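Chains as they are written, first to last, in my numbering: chain A, 1 to 113; chain B, 1001 to 1113.
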Amino acid sequence: NAGVTQTPKFQVLKTGQSMTLQCAQDMNHNSMYWYRQDPGMGLRLIYYSASEGTTDKGEVPNGYNVSRLNKREFSLRLESAAPSQTSVYFCASSDQGARETQYFGPGTRLLVL
Amino acid sequence: GNSVTQMEGPVTLSEEAFLTINCTYTATGYPSLFWYVQYPGEGLQLLLKATKADDKGSNKGFEATYRKETTSFHLEKGSVQVSDSAVYFCALSVSGGYNKLIFGAGTRLAVHP
């Protein structure tokens, strides 16, 4: 099993450009999450999907959209990138909600110029 | 609100030294508590967890005890190795419906030979 995979690993964008971060899991998990990690701030939840067909805002959703394409895939879209969105983005999944162990992908490092 | 406070790093130790990383929390309800570890260039992975008061989580020589009276979940290891060098995150999840993980800011540990 590959676990949680993310693409791309690294991306440079110019302000105003758009892009989609891809995430897939092969553990048949119901719940999936997108976090951003900034120095000194731990991880902050952007959006989550408790189950296929549902998505909800987390702590810092502004400037992002998500799509739960199917049970395996959960994508994060930046419509108009801003320098404040420079960060490392992690996707995670869990079986039945946040009280269960979350499994993380390797991360996408995004630089917005 | 719910929050997690960790001791600031970096923590620098010599190999075989005793490790303590402090974690305290504020939560409504009855949280589950977690320690996640992030090795350089990787995503987070669960190190240990405890779901109720007085539970002790343990893994790879690390231990943490859920102390409700002091709202703490301190991470300890009796003898650290160079391979333990990583960033450690304390996190909580509160019961009652679907809830997110709330992370502390992380503590960087550097172990020298």
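Note that CB positions come from ideal geometry on N, CA and C, so glycine has one too. All figures in this text were calculated on a predicted structure; none of them were measured in a lab.
Reducing DSSP to helix, strand and coil, say where residue i ends up.
| i | result |
| --- | --- |
| V60 (chain A) | coil |
| P8 (chain A) | coil |
| P1031 (chain B) | strand |
| S93 (chain A) | strand |
| V1087 (chain B) | strand |
| S87 (chain A) | strand |
| V1037 (chain B) | strand |
| V1082 (chain B) | helix |
| Q102 (chain A) | coil |
| M129 (chain A) | Any answer about residue 129 (chain A) is impossible in this case: the structure gives chain A only from 1 up to 113. |
| L1019 (chain B) | strand |
| G107 (chain A) | coil |
| A1110 (chain B) | strand |
| F1103 (chain B) | strand |
| S49 (chain A) | strand |
| L113 (chain A) | coil |
| L1092 (chain B) | strand |
| T1005 (chain B) | strand |
| N65 (chain A) | strand |
| G1097 (chain B) | A caution first: G1097 (chain B) carries a pLDDT of 48, below 50, which makes its placement in the model unreliable, though a value can still be read off. Coil at G1097 (chain B), not helix or strand. |
My assumption, with CB atoms under 8 Å, is that residue i sits in contact with residue j. Please give the rounded CB distance.
| i | j | result |
| --- | --- | --- |
| V1111 (chain B) | E1015 (chain B) | 6 Å |
| D38 (chain A) | S87 (chain A) | 5 Å |
| N65 (chain A) | R77 (chain A) | 5 Å |
| R72 (chain A) | K9 (chain A) | With a Cβ gap of about 19 Å, R72 (chain A) and K9 (chain A) do not count as contacting. |
What is the residue span of the beta strand (DSSP E) that residue i lies within?
| i | result |
| --- | --- |
| A1050 (chain B) | 1044-1050 |
| T1024 (chain B) | 1023-1026 |
| Q25 (chain A) | 19-25 |
| L78 (chain A) | 74-78 |
| K1056 (chain B) | 1056-1059 |
| E1063 (chain B) | 1062-1065 |
| S1014 (chain B) | 1011-1014 |
| K1077 (chain B) | 1075-1077 |
Taking 9 Å as the threshold (C-beta atoms), are residue j and residue i in contact?
| i | j | result |
| --- | --- | --- |
| T1024 (chain B) | T1071 (chain B) | yes |
| S51 (chain A) | S67 (chain A) | no |
| Y103 (chain A) | V4 (chain A) | yes |
| G42 (chain A) | A1105 (chain B) | yes |
| Y47 (chain A) | A92 (chain A) | no |
| F1018 (chain B) | G1078 (chain B) | yes |
| L45 (chain A) | Y89 (chain A) | no |
Closest by CA to residue i, which one among the options?
| i | options | result |
| --- | --- | --- |
| F1103 (chain B) | B:L1019, B:P1010, B:E1069, B:L1033 | B:L1033 |
| E79 (chain A) | A:H29, A:P106, A:S18 | A:S18 |
| A1027 (chain B) | B:T1005, B:L1075, B:V1094, B:A1064 | B:V1094 |
| L111 (chain A) | A:K71, A:T55, A:T15, A:A24 | A:T15 |
| V1011 (chain B) | B:G1057, B:N1022, B:T1051 | B:N1022 |
| L1044 (chain B) | B:E1076, B:F1089, B:S1085 | B:F1089 |
| Q1006 (chain B) | B:P1040, B:Y1039, B:L1092 | B:L1092 |
| A1053 (chain B) | B:V1082, B:K1068, B:L1075 | B:K1068 |
| L113 (chain A) | A:T101, A:S84, A:E100 | A:S84 |
| S1085 (chain B) | B:G1001, B:Y1039, B:E1063 | B:Y1039 |
| N1 (chain A) | A:L69, A:H29, A:R77 | A:H29 |
| A1076 (chain B) | B:W1035, B:T1020, B:G1029 | Sequence inspection shows Glu at residue 1076 (chain B); the Ala mentioned does not correspond to that position. When each option's Cα is compared against that of E1076 (chain B), the closest is B:T1020. |
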